[in-house]
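> As they're listed, the protein sequences go chains E and F.
If you count by our numbering, then the first sequence holds residues 1 to 391, one letter each, in order.
If you count by our numbering, then the second sequence holds residues 392 to 488, one letter each, in order.
For every residue, glycine included, the Cβ atom is placed at its ideal position computed from N, Cα and C.
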Amino acid sequence: METRTGMEASIAIAEAVCLCDADIVAAYPITPQTHIVEHLSELVADGKLHANFVPVESEHSAMSVCCGTSAVGARTYTATASQGLALMHEILFIAPALRLPIVMSVANRSLSGPISIWNDHSDVMAERDIGWVQIFAENAQQALDLTIWAFRLAEDRRVSLPVMVNFDGFILSHTIEPVLMPDKETVQAYLPPFEPLLRLDVDAPVSMGPVGIPDIYTETHHVQQVLLTDAYGPIVETLDAFGKHFGREYKPVETYRADDAEVLLLTMGALGETAMEAVDLRRERGQKVGLLRLRLWRPFPFEDLYRAVGRRPVLGVMDRAISYGGPYGPVASEIKAAFYHREQRPRVVEFVAGLGGRDVPISDFDTMFDALFDTLETGRVPEPRLVGLRE
Amino acid sequence: MRRQSAKPKWTELAVGSAIDVPGSARYYKTGDWRSSRPVWNSEHCIRCGVCVIFCPEGCVLFQPDGYPNADLDYCKGCGICLHECPTGCIRMVEEED
Ligand code: SF4
Ligand code: SF4
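1. Where does Asp456 of chain F land, buried or exposed, given buried means 16+ other C-beta within 10 angstroms?
2. Specify whether the segment 177 to 195 of chain E and the segment 45 to 56 of chain E touch according to this definition: at least 3 beta carbon pairs, one from each stretch, less than 8 angstroms apart.
3. Got a sec? Which residues, its chain only, sit under 6 angstroms from Lys431 of chain E by beta carbon, not counting five neighbours each side?
4. So Glu15 of chain E is in the beta strand (DSSP E); what residue range does that whole segment cover?
5. Could you check if Met392 of chain F is buried or exposed, using at least 16 other CB atoms within 10 Å of its CB as the buried criterion?
6. Report yes if the C-beta of Gly440 of chain F is less than 6 angstroms from at least one heavy atom of ligand 2; otherwise report no.
7. Could you have a look at Ala204 of chain E and say whether DSSP puts it in helix, strand or coil?
8. Under the criterion of a Cβ to heavy atom distance below 6 angstroms, does Val430 of chain F qualify as lining ligand 1?
9. With C-beta atoms as the reference, is Gly356 of chain E less than 7 angstroms away from Ser160 of chain E?
10. Can you tell me where the alpha helix (DSSP H) holding Leu395 of chain E begins and where it ends?
11. Is the segment 429 to 440 of chain F touching the segment 220 to 229 of chain E, taking contact as three or more C-beta pairs under 8 angstroms?
12. What is the residue span of the beta strand (DSSP E) that Phe404 of chain E lies within?
13. The beta strand (DSSP E) with Met1 of chain E in it runs from where to where?
14. Any C-beta of chain F sitting closer than 7 angstroms to the C-beta of Leu200 of chain E?
15. Could you check what DSSP says for Val106 of chain E in three-state terms: helix, strand or coil?
16. Over the uninterrupted beta strand (DSSP E) stretch that includes Asp405 of chain E, give me the two end residues.
17. Report buried or exposed for Leu389 of chain E, applying the criterion of at least 16 other Cβ atoms within 10 angstroms of its Cβ.
18. Straight-line CA distance for Thr255 of chain E to Ala321 of chain E?
19. So, is Met1 of chain E buried or exposed, given that buried needs 16 or more other C-beta atoms within 10 angstroms?
20. Could you give the DSSP three-state label for Val309 of chain E: helix, strand or coil?
21. Nearest-angstrom Cα distance between Met318 of chain E and Glu350 of chain E?
22. Identify the contact partners of Val37 of chain E in chain F, using a Cβ-Cβ distance below 7 angstroms as the criterion.
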């Protein structure tokens, strides 16, 4: 059974964590993640969630607590954003190395400086190589659903890795939307009790996190590469199972009006929703534009991307962060690398938009689509462009 | 007890590279780190046991003859025993190879 209700995305995530019966919440409040943590502390105080709420003094401590509690076999959740994610940085690598299935929501927000509390993807892009499963939600329902899914995937014994659910700060975190809230029985039927692969146990002692001397470090890192790559199978399987169980389908790469599209634009996160509006408006004018929404960021869904792009000659990529002095858009650079060795590859047109909370209205998408049609006609690929920059 | 190889293949690592066999450090022979080894002159030894206690590898033990000596499988040649011995009866001899 499910209830249809209007709810802020952050509150929906906290309710999802409650439905998943997390044992531990260790988090430090930071804008724009704050409402998740506030609501979870209320749920714990009201006795609705029987969890230990650990009010830590920093995000570094939050992730350290999460590693410890996950290691003893507790279902562990945290949430952060921006500077908080950056402060976790050194501990983030430990969780996958130790196979700790922590679930974390990240309310994506720009990094300082200048100080900015608003939305872009510079926080998550700086944590690309931490070895976590990383996925993006576009609306409140997805944020709720993917939180439930994240526990199932993380705790799958073939995977046993931490999962980061990204959802855009403010434009999604603080937006009230209609959501279908499942009941506890339905969630429990999808999410079995947590049975860790390995736990700290006084009756069967193990040492977790010992030194990895040069004789062993190489092998441990090959294991991480294989594990995260091979998580792809269980990811698709558990997303399919989610679809069958809850009636909402999710794929590593999702498309919108892409089948007969002449040009494609790729987005990640909540701006995919505005992009769909922009596609509809172009379609009304008879222009065949389509959208790819990259949902799964790690492991990178190469085959899904190749299938979705097909033989299309032009692919625009909209980044939400800059790799300074490097290949410009981090997502675009990975997309181009993914196609480098393929005979059939699109011309990739790079855009960066919506930095530090700058609105990305339909007119910005029009600018991007115009550039894509220009490349389609002329075959020329323009320099990467910061959409909306005052020049 | 499962014995872990000191140089496992990537497929042989324990989950999360954890050490799931208590006491397995003994399978890792630190002796090949050594560039010089301690040699005891028991004439001056007062059998105080300081070298036994201070050896960070725990590889100095009293032998059946009543005097201490190092297990060279584990002695890493740090020279702490030499430094701590109150009667100066330990010297370091360079390993030839
Ligand atoms: S040299 Fe170091 S390791 Fe070797 S016996 Fe002396 S104290 Fe122990
Ligand atoms: S510290 Fe020196 S005197 Fe004391 S037991 Fe060791 S070798 Fe002998």
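Reading off the structure:
1. exposed
2. no
3. Residue 431 of chain E cannot be examined here, being either before or after the span of chain E that is shown, 1 to 391.
4. Run containing Glu15 of chain E: none in the beta strand (DSSP E); it sits in the alpha helix (DSSP H), 9 to 19.
5. Summary for Met392 of chain F: the model assigns pLDDT 39, below 50, so the residue's position carries little reliability; its value from the coordinates is reported in the next sentence. The residue is exposed, with fewer than 16 neighbouring Cβ atoms inside 10 Å.
6. yes
7. coil
8. no
9. no
10. No answer is possible for residue 395 of chain E: it lies beyond the span of chain E, which begins at 1 and ends at 391.
11. no
12. Residue 404 of chain E lies beyond the stretch modelled for chain E, which goes from 1 to 391, so this question has no answer here.
13. From DSSP, Met1 of chain E is part of no beta strand (DSSP E); its letter is neither H nor E.
14. no
15. strand
16. What the structure shows of chain E is the stretch from 1 to 391, and residue 405 of chain E is not part of that stretch, so it cannot be assessed.
17. exposed
18. 22 angstroms
19. exposed
20. helix
21. 6 angstroms
22. Within chain F, no residue comes near Val37 of chain E; the closest Cβ sits about 28 angstroms away, beyond 7 angstroms.
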